[in-house]
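Residue numbers (our numbering), protein chains in the order written: chain A, 1 to 263; chain B, 1001 to 1267. Positions of the beta carbon are idealized from the N, C-alpha and C atoms, including for glycine. Note that the structure is a prediction, hence the values are computed from the model and not measured. Down below is the structure, laid out as structure tokens.
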């Protein structure tokens, strides 16, 4: 473990990324537009009434926070890691006296910092266009911050572990896409997770996807009872532990299997 | 005639090499098949979930929304089959304009625009194409409409202009990379294309305006879908055709102009 090296790496990535910020803004534009589409669909669908207890304003608030949380938790380095293993650049990372995961963490943090101004303007504009009205409770905000950090760790580690499978299979893009589709379906982008049809919702409660994205937002909006809240955080922590074990397993196996390509 | 023969042979060769590349990574190949199934489930599932909570969204019911999504999938898979990957190999990230490989492309004894439009294929997308056709037919059967020869004609015009518009926009955006290599503008377009998944009329006024006039996702996806259900306005369809022809001419001219701007790049 080499934290100082990690910090330097984060700084390096940040400077590099700031230089090409337009590129990252383009990327984040795509991530923010997708939930926005569903916001509009639900605004139109709910009209003046309500759908399973969600009024028009509930949907608006939900999706504004969704865009925000999605932006903060969205991992990007998993794609780079997958590509780098495929084209052989990963070998350089291995040669450094620092774990390759720092490289991934650094670029993820840097991406998020670089996008802040663009995201802020985007969310503000959307909020003004759809006339959002938000009321929050202080304790909920505190618990939300905790859940958000846990969600970030979970989503990052899950995607990163998936990408490491490329050490064995060379190419991994398709698996990463599946991961994204499942997040999109089960984590609350199409519809807030507690409005999902019953069977899917119950299965979703035990899969990791909801805890990467939808769960923190529900905490923030105060949609959960105390027992649901405690159980949710429990499952979140359990999945993080599970994913870390999985990561170590894949890493140990994969690194022995890895044969560098390219030159 | 010789030109068409040449195109046929080129397509055959490019398709074959792309397929060989694809199936050489077996694990990824299989996972991609699964991915296709899951994406389909997610696309249809999203509509099913929305309409399990409500009966109509701004006058669109389940099947007519599904027809729009089917049309979206059809056009998207046509784009991803060859136009997308081909143009991406030039203007995309790390494409030939970045590496300087475009030198060799210019030297090829084939019309450059033709070559860069068909040279990379994603053979697996053919599955998406078939699936999208099934979705379109399935929803078409369920939407009651009096479909006649007339509406068939309108539909053919609509889909023809939609494809021309799409190609022209992609060509213009790729040509932009000759002038300003930095932002992947194609990505912005792809993100905006996603809005075509649902009828453009669902969106609020500002966005509907943008999606009709500035980035014509409405012309590309919604109007062919409406034409299929015999709901389209004939004037809109004809306008689309004119728009398509004009944008095609503009795109070709702009591409020719942009090529002159190319100043190579190398390590």
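1. What are the residues that DSSP puts in a beta bridge with residue 51/A?
2. Quick one: measure Cβ to Cβ for residue 1234/B and residue 1154/B, integer angstroms, because I've assumed they're closer than 8 Å.
3. Note the first and the last residue of the continuous alpha helix (DSSP H) segment covering residue 1088/B.
4. Would residue 1203/B pass as an interface residue toward chain A - the criterion being a Cβ-Cβ separation below 8 Å?
5. Taking the alpha-carbon of residue 218/A as reference, which of 151/A, 23/A, 101/A has the nearest alpha-carbon?
6. List, in order along the chain, the chain B residues whose C-beta lies closer than 8 Å to that of residue 77/A?
7. Of the choices 231/A, 139/A, 192/A, whose alpha-carbon is the least far from that of residue 39/A?
8. Can you check whether the C-beta of residue 246/A is within less than 8 Å of a C-beta belonging to chain B?
9. Check whether the Cβ of residue 1045/B lies closer than 8 Å to any Cβ atom in chain D.
10. Can you tell me whether residue 74/A is buried or exposed, with buried defined as 16 or more other CB within 10 angstroms of its CB?
11. In three-state terms, what does DSSP make of residue 1242/B?
12. DSSP state of residue 1121/B, grouped into three classes?
13. Can you tell me where the alpha helix (DSSP H) holding residue 258/A begins and where it ends?
14. Using a 10 Å radius around the Cβ and a threshold of 16 neighbouring Cβ atoms, would you call residue 117/A buried or exposed?
15. Counting beta carbon pairs with one atom in the stretch 1156 to 1175 of chain B and one in the stretch 1231 to 1245 of chain B, are three or more of them shorter than 8 Å?
16. Just to make sure I have the definition right: I need the residues of chain A whose C-beta is within less than 8 Å of the C-beta of residue 993/B. Which are they?
17. Are residue 1018/B and residue 1187/B touching if we call contact CB-CB under 8 Å?
18. Nearest chain A C-beta to residue 1270/B closer than 8 Å, yes or no?
19. Is there a Cβ from chain B that is less than 8 Å from the Cβ of residue 234/A?
20. For the candidate residues 1073/B, 1099/B, 1174/B, 1112/B, whose alpha-carbon lies nearest to that of residue 1087/B?
21. Using Cβ-Cβ distances below 7 Å, what residues of the stretch 42 to 55 of chain A are close to chain B?
22. I want to verify the contact list: residues of chain B whose CB lies under 7 Å from the CB of residue 174/A, in sequence order.
23. Shortest alpha-carbon distance to residue 1123/B belongs to which of 1032/B, 1045/B, 1060/B?
24. Can you name, in chain order, every residue of its own chain whose Cβ lies under 7 Å from the Cβ of residue 264/A, other than the five neighbours on each side?
25. Is there contact here, the stretch 1200 to 1217 of chain B with the stretch 1121 to 1140 of chain B, by at least three beta-carbon pairs under 8 Å?
26. Any C-beta of chain B sitting closer than 8 Å to the C-beta of residue 30/A?
27. For residue 12/A and residue 90/A, I'd like the C-alpha separation in whole angstroms.
28. Hey, would you say residue 20/A sits closer than 8 Å to residue 64/A, going by beta carbons?
29. Identify the continuous alpha helix (DSSP H) that holds residue 90/A and give its terminal residues.
30. Using the Cβ count rule (16 or more neighbours within 10 Å means buried), how would you classify residue 81/A?
31. Count the other CB atoms, across all protein chains shown, that sit within 10 Å of the CB of residue 1012/B; report buried if there are 16 or more and exposed otherwise.
32. Hey, does residue 37/A have any beta-carbon neighbour from chain B nearer than 8 Å?
33. Based on the DSSP secondary-structure assignment, which residues constitute the bridge partners of residue 1068/B?
34. Which first and last residues belong to the alpha helix (DSSP H) in which residue 1038/B is found?
35. Would you mind reading off the limits of the alpha helix (DSSP H) that contains residue 1192/B?
36. Return the chain-ordered list of same chain residues with a C-beta closer than 8 Å to the C-beta of residue 1129/B, the five sequence neighbours on each side being excluded.
On the basis of the data shown:
1. Note: residue 51/A sits in a beta bridge opposite 54/A.
2. Contact flag correct, Cβ pair sits at about 6 Å.
3. Start and end: 1084 to 1091.
4. yes
5. 151/A
6. Here the premise fails: no neighbours, minimum Cβ distance about 16 Å.
7. 192/A
8. no
9. No chain D is present in this structure, whose protein chains are A and B.
10. buried
11. Residue state for residue 1242/B is assigned as helix, using DSSP reduced to three classes.
12. Coil at residue 1121/B, not helix or strand.
13. Where residue 258/A is concerned, there is no enclosing alpha helix (DSSP H), given that its DSSP letter is neither H nor E.
14. exposed
15. yes
16. There is simply no residue 993/B to check, as chain B begins at 1001 and stops at 1267 in what is shown.
17. no
18. Here chain B covers residues 1001 to 1267 and nothing more, so residue 1270/B does not appear.
19. no
20. Distance check between residue 1087/B and each of 1073/B, 1099/B, 1174/B, 1112/B places 1174/B closest, using alpha-carbon atoms only.
21. 44, 45, 51, 52
22. 1028, 1031, 1032, 1035
23. Comparing alpha-carbon positions, the option among 1032/B, 1045/B, 1060/B lying closest to residue 1123/B turns out to be 1032/B.
24. Limits of chain A in this structure are 1 at one end and 263 at the other, which puts residue 264/A out of reach.
25. Here the stretch 1200 to 1217 of chain B does not lie against the stretch 1121 to 1140 of chain B, with fewer than 3 beta-carbon pairs under 8 Å apart.
26. yes
27. 18 Å
28. no
29. 90 to 95
30. buried
31. exposed
32. yes
33. None; residue 1068/B has no bridge partner.
34. Residues 1026 to 1053.
35. 1185 to 1193
36. 1074, 1077, 1078, 1081
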